[in-house]
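So the sequence shown is numbered by my numbering: it starts at 160 and just counts up by one.
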Amino acid sequence: MTLVACELGHAVSNISTVVDKNPQLAGDYGFLNKWNAQVALTFQVDEQSSVNPTPSFVSKLHPLVDSETFTLGLSGNYKNQATRIDKVSMTYRIKDFVGKKFERCEYGGTYRGTLFVKSNLKIEDWLSASLNVAVSNGPSSKFPVHPKFGGKADTISHDVKFLIVSSGGVAPVWKLVEFGTGQNPLVFGQRDRVQQLVITMAPADLTDPSALGPAGQFSSLASQINSQINSGRISP
160 MTLVACELGH
170 AVSNISTVVD
180 KNPQLAGDYG
190 FLNKWNAQVA
200 LTFQVDEQSS
210 VNPTPSFVSK
220 LHPLVDSETF
230 TLGLSGNYKN
240 QATRIDKVSM
250 TYRIKDFVGK
260 KFERCEYGGT
270 YRGTLFVKSN
280 LKIEDWLSAS
290 LNVAVSNGPS
300 SKFPVHPKFG
310 GKADTISHDV
320 KFLIVSSGGV
330 APVWKLVEFG
340 TGQNPLVFGQ
350 RDRVQQLVIT
360 MAPADLTDPS
370 ALGPAGQFSS
380 LASQINSQIN
390 SGRISP
């Protein structure tokens, strides 16, 4: 979460510096200082292991005829599966990032289960592009708004998901005169990791300036529900 906040702070601070140097941009991008940003991280780990023996016994029906045999196949399966979901959510006030100098964000490290958090998430690139589209009539925007349908952005959202899958199995095969094993893995294991980052930026709530307003709350909730539906699970 610290690295995400660092990148977000860098992005807001750099954009604010550009706006300060160009007062004519304040009317287009100044609204951002009254917004909040909610950062939600989800870590999901699915682990499963199974044992699947499939031996077969072969018996000759006639001692002198090799083609006449009787085969008895056996199978069994034992599977163990566990799912762990961890969620962290924090809300930041954009104005708290404005005017502050941030040290260079440090990437890497040896934190377990945080593969994507250790890399450059390019939040500043996303925020700059989103703001240009949101204001529509900014000098660097390529999407001019129609004068009859001018409006303002209610929320800006960013959703990125990483899926890391690792699996392995052991499939020893023996074929003897009266005994054999199947081709299926005798022992199998798999570990799936889903790591998701959702950033929702919206005006602050009028009754609680430290929280997102209704539009931001709805957007954040929609992202979480969509994530759970896509993963096939709805958390209680």
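A virtual CB, placed ideally from N, CA and C, is assigned to each residue, including glycine.
Keep in mind it's a predicted model, so treat the numbers as computed, not measured.
The Cβ atoms of A199 and I282 lie no closer than 8 Å to each other.
If you draw a straight line from the Cα of F256 to the Cα of M249, it is about 15 Å long. In the structure shown, D245 adopts extended strand secondary structure according to DSSP, grouped into three states. With a contact defined as Cβ atoms closer than 8 Å, Q354 and F202 qualify at about 6 Å.
With respect to S287, I358 sits apart: the two C-beta atoms are not nearer than 8 Å.
Distances from the CA of D367 to each of G232, K193, G328 were compared; the closest alpha carbon is that of K193. When the five nearest sequence neighbours on each side are left out, the beta carbons in the same chain lying within less than 6 Å of the beta carbon of T314 are those of A361, A374, G375, S378, in order along the chain. Shown here, A363 sits in a strand according to DSSP, grouped into three states. Collapsing the DSSP output to three states places F190 in a helix. Counting along the chain, the unbroken alpha helix (DSSP H) around K180 starts and ends at 161-180.
Bounds of any beta strand (DSSP E) do not take in V257, whose DSSP letter is neither H nor E. The alpha carbon of S289 has as its nearest neighbour, out of L280, A312, A363, the alpha carbon of A312. Taking 3 residues as the minimum length, the beta strand (DSSP E) runs contained wholly in the region 312-350 are 315-329, 338-340, in order along the chain. A distance below 6 Å between beta-carbons, with the five flanking residues on each side excluded, links K320 to the following residues of its chain, in chain order: Q355. In the DSSP annotation of this structure, the continuous segment of the alpha helix (DSSP H) that includes L286 starts and ends at 282-294. Going by DSSP, L220 is part of the beta strand (DSSP E) stretching over 214-221.
Of the candidates A185, V204, V217, V163, V217 places its Cα closest to the Cα of L335.
Rounded to whole angstroms, the separation of the alpha carbons of T161 and Q183 is 33 Å. According to the DSSP secondary-structure assignment, S379 is paired through a beta bridge with no residue.
Pairing D351 with I323, the inter-Cα distance amounts to about 6 Å.
Residue state for L233 is assigned as coil, using DSSP reduced to three classes. Of L345, S316, T340, F338, the smallest CA-CA separation from V329 is found for L345.
Here Q207 really is in contact with Q349; their C-beta atoms are around 5 Å apart, less than 8 Å. Counting of Cβ neighbours within 10 angstroms places D284 among the exposed residues, the total staying below 16.
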